[in-house]
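**Student:** With the first letter of the sequence shown counted as 1, position 33 gets the number 18 in the numbering used here; the numbers rise by one all the way through.
Before we start, here is the structure in question, set down as structure tokens.
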Amino acid sequence: MPVFDPMPTYTASRMYREPKLFFGALVVESNPAVAHRMKRILGLLAPGRRVVLAPTCEEANAMLAALPFDLVFVDMQLYPIGDAAALIADIRAKLPRTQVIAMSDTDERGLVISAFASGATGYLVRDADDAEIAHTLRSLATGIALDPRVAGHLLAMLAETFAQSSADLQAQDDFSACRKLELRPRATAEGTRHDLPD
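This is the structure:
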């Protein structure tokens, strides 16, 4: 079993030896500088693979209809707001085997929730440096690509959900216990009344 460094140094030669993470990638990103940065990183991680850029959802849909992609990156801050989530949901519905990685400038919780609720299989925060993004993307070979900060948010949300579920179950148990106490005297009183002779 290979042992990976927690944060290896990414030289170009090291990146070229990485396993092939995808055959065709589509980057849906409205900022040209960010889009070309992602294309460069992906080109180093998977040399020779097709990487296509699309600045809008309309162009992304046209590319998805024309070419096969097994990896799609979607900018969660596409305009108008909401288009990114709708695009992710549409891709996951039509191409369930395609991995969809959401991206944004920050790890803002609302964007993270929207992305995963729409079916995203990973999340990148673009303010990370190239080495951090490359390190996160390498995890596609064995699982999902998830920025550590986003992973922290997800764990916190799971903990909150678990705590709320436990509280709800406790409230239900308390309510059931109270109902039993209320019904028991009533049943006893009714039984005593029925037993009295006419």
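Glycine included, every Cβ here is placed at the ideal spot set by N, Cα and C.
1. Would you please state the rounded distance, in angstroms, between the beta carbons of M48 and L109? I believe it to be under 8 Å.
2. Check whether the stretch 91 to 98 and the stretch 71 to 80 are in contact - that is, three or more C-beta pairs closer than 8 Å.
3. Would the beta-carbon of R111 fall within 8 Å of that of M88?
4. So, for M61: in the same chain, excluding its five sequence neighbours on each side, which residues have a beta-carbon less than 8 Å away from its beta-carbon?
5. Comparing alpha-carbon positions, which option in T83, E14 and G9 lies nearest E43?
6. Just to confirm my understanding: we take V85, look at its own chain, exclude 5 residues before and 5 after, and list those with CB closer than 7 Å. What are they?
7. Cα-Cα, which of T83, E117, L63 and Y64 is closest to F54?
8. Pull up the distance between the alpha-carbon of V19 and that of L27, whole angstroms please.
9. Let me check understanding here. Comparing Cα to Cα, which of A51, A39, A119 and Y64 lies closest to L29?
10. Restricting to runs no shorter than 3 residues, where is the beta strand (DSSP E) found entirely within the stretch 14 to 84?
11. Let's test the definition: count the other Cβ atoms within 10 Å of the Cβ of A45 and tell me whether it reaches 16, buried, or not, exposed.
12. For R35, which residues from the same chain have a beta carbon less than 6 Å from its beta carbon, with the 5 sequence-adjacent residues on both sides left out?
13. Which residues bound the beta strand (DSSP E) around G107?
14. So, at 8 Å on beta carbons, what are the nonlocal neighbours of H21 in its own chain, with the 5 sequence-adjacent residues on each side left out?
15. Report buried or exposed for L63, applying the criterion of at least 16 other Cβ atoms within 10 angstroms of its Cβ.
**Tutor:** In short:
1. Taking the sequence shown and counting its residues from 1, one reaches residue 48 at position 63. Taking the sequence shown and counting its residues from 1, one reaches residue 109 at position 124. Between L109 and M48 the Cβ distance is about 20 Å, and since that is not below 8 Å, they are no contact.
2. no
3. Numbered from its first residue, the sequence shown carries residue 111 at position 126. Numbered from its first residue, the sequence shown carries residue 88 at position 103. Yes, the pair counts as a contact, with Cβ atoms nearer than the cut-off.
4. Within the sequence shown, numbered from 1, the residue matching residue 61 stands at position 76. Same-chain partners within the cutoff: A69, A70, A87, M88, S89, L96, S99 and A100.
5. For the purposes of this step, residue 43 is taken as residue 58 along the sequence shown, with counting starting at 1. When each option's Cα is compared against that of E43, the closest is E14.
6. Counting from one through the sequence shown, the residue named residue 85 turns up at place 100. Closer than 7 Å at the Cβ level, and outside the excluded window around V85, lie V57, V59, I73, I76, R77, G104, A105 and T106.
7. In the sequence shown, residue 54 corresponds to position 69, counting from 1. Of the listed residues, the one whose Cα sits closest to F54 is T83.
8. Indexing the sequence shown from 1 puts residue 19 at position 34. Indexing the sequence shown from 1 puts residue 27 at position 42. For V19 and L27, the distance between alpha carbons rounds to 12 Å.
9. Counted from its first residue, the sequence shown places residue 29 at position 44. Among A51, A39, A119 and Y64, the Cα nearest to that of L29 is on A119.
10. 35 to 39 and 56 to 60
11. On the sequence shown, position 60 is the one that residue 45 refers to. Counting Cβ neighbours within 10 Å, A45 comes out buried, since at least 16 surround it.
12. Translated into positions along the sequence shown, residue 35 becomes position 50. The residues are G9.
13. Locating residue 107 in the sequence shown gives position 122, counting from the first residue. Per DSSP, G107 belongs to the beta strand (DSSP E) from G107 to V110.
14. One-based indexing of the sequence shown puts residue 21 at position 36. Within the same chain, H21 has close Cβ partners L38.
15. The sequence position of residue 63 within the sequence shown is 78, counting from 1. Buried, by the Cβ-count rule.
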